[in-house]
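Beneath this line is the structure, given in structure tokens, with notes to follow.
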């Protein structure tokens with residue numbers, strides 16, 4: 091009876107050590123794949139930023155509209171369609187992004203992320219953004235879409251527009267905002283989908299957005315988020331997991347050797 095109990099314990103210990111080694115090796119390989127992904131992202135960012143600036147007024151091809159590539163455009167702001175993206179933090183401070191369509195000379199439009207400002211608290215006043223009339227030139231970096239904020243209600247139907255049902259209001263005209271616009275009156279969203287925006291406004295948007303970089307002394311900060319590309323951290327984690335796997339394998343071998351010795355010399 092005692093011998094059977096010992097055999098069972100030996101079997102359980104052997105299986106646990108083997109399972110631990112396999113699990114640690116799998117986690118190490120996963121960390122290596124994450125490191126490779128981040129290295130690829132870093133390479134894509136470097137390749138995009140080192141490219142020649144794309145002129146969005148010159149009918150760019152799909153191949154030219156690559157993320158992180160510098161871009162420039164000239165058009166007329168459509169401030170009656172201003173939107174705010176909520177819950178965008180900068181340096182630990184809660185804030186919002188201002189997004190405005192820019193109407194190009196060929197009738198198409200491009201959505202411009204114009205910058206960040208701190209969320210007004212208490213008696214703080216939202217910045218009042220001047221609305222320049224006539225053609226306006228901007229420079230920035232391309233993104234394939236507006237960077238999304240994780241929605242806690244993630245089960246929400248993706249086909250459902252997050253745009254306010256009554257927006258844009260018919261009484262809001264270009265004339266009413268010819269000089270400036272109070273940011274506190276603008277609709278706030280978690281995310282913007284270009285297809286939804288195009289259908290609602292009747293504008294043909296380019297399949298990219300521009301994160302504006304040039305400074306206009308308008309009170310907005312233009313510091314845009316970038317993906318984490320710290321692959322060294324993942325490499326370090328991978329080495330740790332492989333180290334744990336090596337310990338488990340050594341322990342398994344030592345345990346198996348002891349069992350073999352006992353069987354050989356009962």
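Residue numbers (the numbering used here): 91 to 356. Every residue gets a Cβ at the ideal spot worked out from N, C-alpha and C, and that includes glycine.
Cβ atoms of residue 163 and residue 147 come within 8 angstroms of each other, at about 6 angstroms. Under the three-state reduction of DSSP, residue 342 is assigned to helix. Taking C-beta atoms as the reference points, residue 301 and residue 185 fail to come closer than 8 angstroms.
The three-state reading of DSSP puts residue 107 in helix, counting H, G and I together. A distance below 7 angstroms between beta-carbons, with the five flanking residues on each side excluded, links residue 154 to the following residues of its chain, in chain order: 144. In the DSSP assignment, residue 204 falls within the beta strand (DSSP E) that extends over 198-208. Going by DSSP, residue 183 is part of no beta strand (DSSP E) at all; its letter is neither H nor E. For secondary structure counted as the beta strand (DSSP E) over 3 or more consecutive residues, the stretch 275-309 holds these complete runs in sequence order: 294-302. Under DSSP, no beta-bridge partner is assigned to residue 224.
Counting only residues of its own chain and dropping the five nearest sequence neighbours on each side, residue 135 has a CB closer than 6 angstroms to the CB of 158. Looking only at 165, 209, 141, 126, the smallest Cα-Cα distance to residue 310 is reached by 209.
Listed in chain order, the non-local C-beta contacts of residue 314 below 6 angstroms within the same chain comprise 301, local neighbours out to five positions each way being set aside. Per the Cβ contact rule, the stretch 272-289 is in contact with the stretch 170-177 (3 or more Cβ pairs under 8 angstroms). Residue 138 carries a helical assignment under DSSP once its states are collapsed to helix, strand and coil. For residue 160, the enclosing beta strand (DSSP E) begins and ends at 160-167. The beta carbon of residue 338 sits closer than 7 angstroms to the beta carbons of 107, 110, 111, 114 from its chain, once the five residues preceding and following it are set aside; these are given in chain order. In the structure shown, residue 155 falls within a coil segment according to DSSP collapsed to helix, strand and coil. Here residue 346 is not near residue 298, since their CB atoms are 8 angstroms or more apart. As computed with DSSP, residue 313 is found in no beta bridge at all.
Residue 289 and residue 193 have their alpha carbons spaced roughly 15 angstroms apart. Residue burial is scored here from C-beta neighbours: residue 169 has at least 16 other C-beta atoms within 10 angstroms and is therefore classed as buried. Cβ atoms of residue 291 and residue 207 stay farther apart than 8 angstroms, at about 23 angstroms. In the three-state reduction of the DSSP assignment, residue 320 falls in the coil class.
Rounded to whole angstroms, the gap between the alpha carbons of residue 140 and residue 256 is 42 angstroms. The alpha carbon of residue 165 has as its nearest neighbour, out of 183, 235, 317, 224, the alpha carbon of 224.
Taking 8 angstroms as the cut-off, the Cβ atoms of residue 312 and residue 205 count as close. Here the alpha carbon of residue 182 sits roughly 48 angstroms from the alpha carbon of residue 104. Judged by DSSP in its simplified three-state form, residue 101 adopts helix.
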